[in-house]
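Asker: Pasting a structure below so you can have a look.
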Amino acid sequence: MPTFLLLLLVAPSATFRFSFAATNFPSGTATGDGRLEVYNSISQGGFFSETWDVHHSKSKMRVRQVPGDGSCLFHAIYVALAYATNGSHPQEDYEAMCKAAGVLRQTALDYLSDDPSRLLTVTYNQDMKSQELLDMTSKEMGLSAEQYLVRLRDPKEWGGGLEIVALANALERPIFLYELKPVGLLFWSRFVFKKMVECGMPKFSPKKSLHILIADCNFPDCAPYFYNKAGNHFLALFPCEDVSTVPTSDNSDPAPSAAAVASSLENSESHAFGRRVFLRGRMLKRLQARFMSTLFFRGSGGGERERRKGGGENKRKKR
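Note that the sequence shown covers residues -21 to -1, 1 to 298 in mature numbering (1 follows the signal peptide of the UniProt record, and there is no 0).
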């Protein structure tokens, strides 16, 4: 097995995963430490009002916010899948979204474990057995495959590349992953979305693809060139033409940043576990030039865990 592919299964080091509080412009709906105590609902249908360009493409995207509670990957895939299958954007409260995310989490883990010899399509010309992928990921975390599966069934545990590959195959639907890319200079700088990898391609290409963004939890309330480049929150993306029928309300507020909509979580050992599994950001950038290097990072799904309290410390703190 190529060494670089083994490294793909580990995420960037938490040492480099912090926000630049001095250059953030957090949502006015956030509390002092960047959180709301309870995630109640998603305003404006969950969509930010802005549109964003896709790097090296004529496409434009809209972004839908999802809860940052440890399961943001599964929330994002759920809302994208709902539209892809029935043409409507789900308007649900936090409890309902958690149930849907839980089903997707269970589906991913069951798909990885119920047939160890199953061949999974990672991306173009890259197929691997599910047990092989599972062993590689769990080994880098210092766990057995069985321990990994038990750990990841906790709804607070962060999903990542392995679960994206599993769901692309289980749903038989491509999942495209994007990252933030700053362009322009000074006052004219802005973000565009850069496609990182197309999971499940070309095998599942006949079906409508799902689009997922990995970003700083403060996006879009963060400045280009001064943000968490490793990413610590997943959001759902939609081509602009797919958002023309989103229900809105005249008295609803703009969708807040992930830090503002995070649900309240108790301190747990799982938070520390998540921090131990990251590659350092510089190594990740070097790998990017060789292959789909950022596929197997572990997105936090909980932007609230990346925010620094007090705005002046460089250490990450548990809640």
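No residue lacks a Cβ here, since even glycine has one placed at the ideal position from N, Cα and C.
Computed from a predicted structure; not experimentally measured.
1) When you compare the segment 44 to 63 with the segment 128 to 146, are there three or more beta-carbon pairs, one atom per stretch, that lie closer than 8 angstroms?
2) Starting from Tyr57, trace the beta strand (DSSP E) in both directions and tell me its first and last residue.
3) Can you tell which of Leu60, Ser123, Asp94 has its C-alpha closest to the C-alpha of Lys187?
4) Any idea what DSSP makes of Cys196, helix, strand or coil?
5) Under the three-state reduction of DSSP, which class applies to Lys160: helix, strand or coil?
6) Is it the case that the Cβ atoms of Gly81 and Pro46 are separated by a distance below 8 angstroms?
7) In angstroms, rounded to a whole number, what distance separates the CA positions of Thr30 and Leu164?
8) Helix, strand or coil for Thr30? Go by DSSP, reduced to three states.
9) Taking the alpha carbon of Ala147 as the reference point, which residue from Val171, Gln126, Val176 has its own alpha carbon closest?
10) In three-state DSSP terms, what is Gly139?
11) In its own chain, which residues sit with a C-beta less than 8 angstroms from the C-beta of Pro199, not counting the 5 before and 5 after it?
12) Can you tell me whether DSSP reads Met120 as helix, strand or coil?
13) To the nearest angstrom, how far is it from the Cα of Glu136 to the Cα of His35?
14) In the structure shown, what three-state DSSP assignment does Ala79 receive?
15) Which residues does DSSP pair with Asp106 in a beta bridge?
Answerer: A quick look at the data gives this:
1) yes
2) The sequence position of residue 57 within the sequence shown is 78, counting from 1. Per DSSP, Tyr57 belongs to no beta strand (DSSP E); it is in the alpha helix (DSSP H), 51 to 65.
3) Indexing the sequence shown from 1 puts residue 187 at position 208. It is Leu60.
4) Translated into the one-based positions of the sequence shown, residue 196 becomes position 217. Coil, per DSSP.
5) Within the sequence shown, residue 160 is the residue found at index 181, counting from 1. Three-state DSSP puts Lys160 in a strand.
6) Locating residue 81 in the sequence shown gives position 102, counting from the first residue. Locating residue 46 in the sequence shown gives position 67, counting from the first residue. Cβ distance not < 8 angstroms, so Gly81 and Pro46 don't count as in contact.
7) Taking the sequence shown and counting its residues from 1, one reaches residue 30 at position 51. Taking the sequence shown and counting its residues from 1, one reaches residue 164 at position 185. Computed Cα separation, rounded: 19 angstroms.
8) In the sequence shown, residue 30 corresponds to position 51, counting from 1. Coil, per DSSP.
9) For this step, residue 147 is matched to residue 168 along the sequence shown. Residue Val176 is the option with its Cα nearest to Ala147.
10) Start at 1 with the first residue of the sequence shown, and residue 139 comes out as number 160. Reduced to three states, the DSSP call for Gly139 is strand.
11) To locate residue 199, count along the sequence shown from 1; it is residue 220. Around Pro199: Phe27, Glu29, Val42, Phe170, Ser236.
12) Here residue 120 refers to the residue found at position 141 when the sequence shown is read from its first residue. Residue state, collapsed to three classes: coil.
13) To locate residue 136, count along the sequence shown from 1; it is residue 157. To locate residue 35, count along the sequence shown from 1; it is residue 56. Computed Cα separation, rounded: 34 angstroms.
14) Numbered from 1 along the sequence shown, position 100 holds the residue referred to as residue 79. Helix at Ala79.
15) For this step, residue 106 is matched to residue 127 along the sequence shown. Bridge partners of Asp106: Thr100.
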